[in-house]
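J.: The structure's right below; bear with me while I get my questions together.
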Amino acid sequence: RLPAGIDALVAFEAYDRTPLPQWVPALHDVPNAVVIGDTHTGRLAFQRAFAAQWSHLFLQFRPADLAAFEHPSKHWLPPAADPEVWHPLLPVGLEGGEAEYDVCLVASTDPRVHRERVELVETLQEAGLSVHVAHVFGARANALYGRSRVVLNRSLAGDVNLRVPEVLLAGACLVTDEV
Numbered sequence: 001r002l003p004a005g006i007d008a009l010v011a012f013e014a015y016d017r018t019p020l021p022q023w024v025p026a027l028h029d030v031p032n033a034v035v036i037g038d039t040h041t042g043r044l045a046f047q048r049a050f051a052a053q054w055s056h057l058f059l060q061f062r063p064a065d066l067a068a069f070e071h072p073s074k075h076w077l078p079p080a081a082d083p084e085v086w087h088p089l090l091p092v093g094l095e096g097g098e099a100e101y102d103v104c105l106v107a108s109t110d111p112r113v114h115r116e117r118v119e120l121v122e123t124l125q126e127a128g129l130s131v132h133v134a135h136v137f138g139a140r141a142n143a144l145y146g147r148s149r150v151v152l153n154r155s156l157a158g159d160v161n162l163r164v165p166e167v168l169l170a171g172a173c174l175v176t177d178e179v
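Here my numbering is used: the first residue of the sequence shown is 1, the next is one more, and so on.
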């Protein structure tokens, strides 16, 4: 049985580490749903099995991945960002708001996984652009967006990743691959 007072249940799948509550058999006693992101990381077998236990499935990032899930109630949920964290700083060109970087990329650039990102940064630097690369989150990333003329996004697999809403809410200029 579910603990008293639970009227609905929503879970977020987190890289195979999402604990399955001991009351999963009672899930269908209340409305329930699971949100699964990062379907492009090669964990579909686990994600499909996990999703099958829930009444409703919401996938983030790549709507095309819905086809990989045989689920009676599946939906695409576009990524979103918190406007309390992601907001414009001083617009570029206003007093005190000059861009520090021509371009920034907030992402992992491990060349074993993200060779295309590394090559893109190297090409821009060879062209004489000031490119800042950082793997940061939240307010630190927002501050970088606000100090850059252009923010690059290179998705892993054509996914609408979190950079899209984050950069747009930050009021920055986003250049991304086709997502």
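Ideal Cβ placement from N, Cα and C applies to all residues, glycine included. Quantities reported herein were computed from a predicted structural model and do not represent experimental measurements.
What are the boundary residues of the beta strand (DSSP E) that E122 is part of?
T.: What you label residue 122 is simply residue 122 of the sequence shown in a count that begins at 1. Note, E122: premise wrong, no beta strand (DSSP E); alpha helix (DSSP H) at R115 to E126.
J.: Thinking A76 and L66 are a contact (beta carbons under 8 Å), I'd like their distance in whole angstroms, please.
T.: Within the sequence shown, numbered from 1, the residue matching residue 76 stands at position 76. Within the sequence shown, numbered from 1, the residue matching residue 66 stands at position 66. Here residue 76 is Trp; the residue named in the question, Ala, does not match the sequence. So it is a contact: roughly 6 Å between Cβ atoms.
J.: Across which residues does DSSP place I36 in a beta bridge pair?
T.: Within the sequence shown, residue 36 is the residue found at index 36, counting from 1. According to DSSP, I36 bridges with E13 and L59.
J.: Is any heavy atom in the ligand SAH found nearer than 6 Å to the beta carbon of E178?
T.: Here there are no bound small molecules, and the ligand SAH is not part of this structure.
J.: Exposed or buried, what is V175 when buried is set at 16 or more other beta-carbons lying within 10 Å of its beta-carbon?
T.: For this step, residue 175 is matched to residue 175 along the sequence shown. Looking at its Cβ environment, which holds fewer than 16 other Cβ atoms inside 10 Å, V175 is exposed.
J.: Which same chain residues end up closer than 6 Å to R163 when comparing Cβ atoms and leaving out the 5 residues on each side of it in sequence?
T.: Here residue 163 is taken as the residue at index 163 of the sequence shown, counted from 1. For R163, where only same-chain residues beyond five positions count, the Cβ hits under 6 Å are N153.
J.: How is the beta strand (DSSP E) around N142 delimited, first residue to last?
T.: Indexing the sequence shown from 1 puts residue 142 at position 142. Here N142 belongs to no beta strand (DSSP E); instead the alpha helix (DSSP H) covers G138 to G146.
J.: Give the single residue among G37, L169 and H71 whose Cα lies nearest to the Cα of L156.
T.: Counted from its first residue, the sequence shown places residue 156 at position 156. Here the closest residue by C-alpha is G37.
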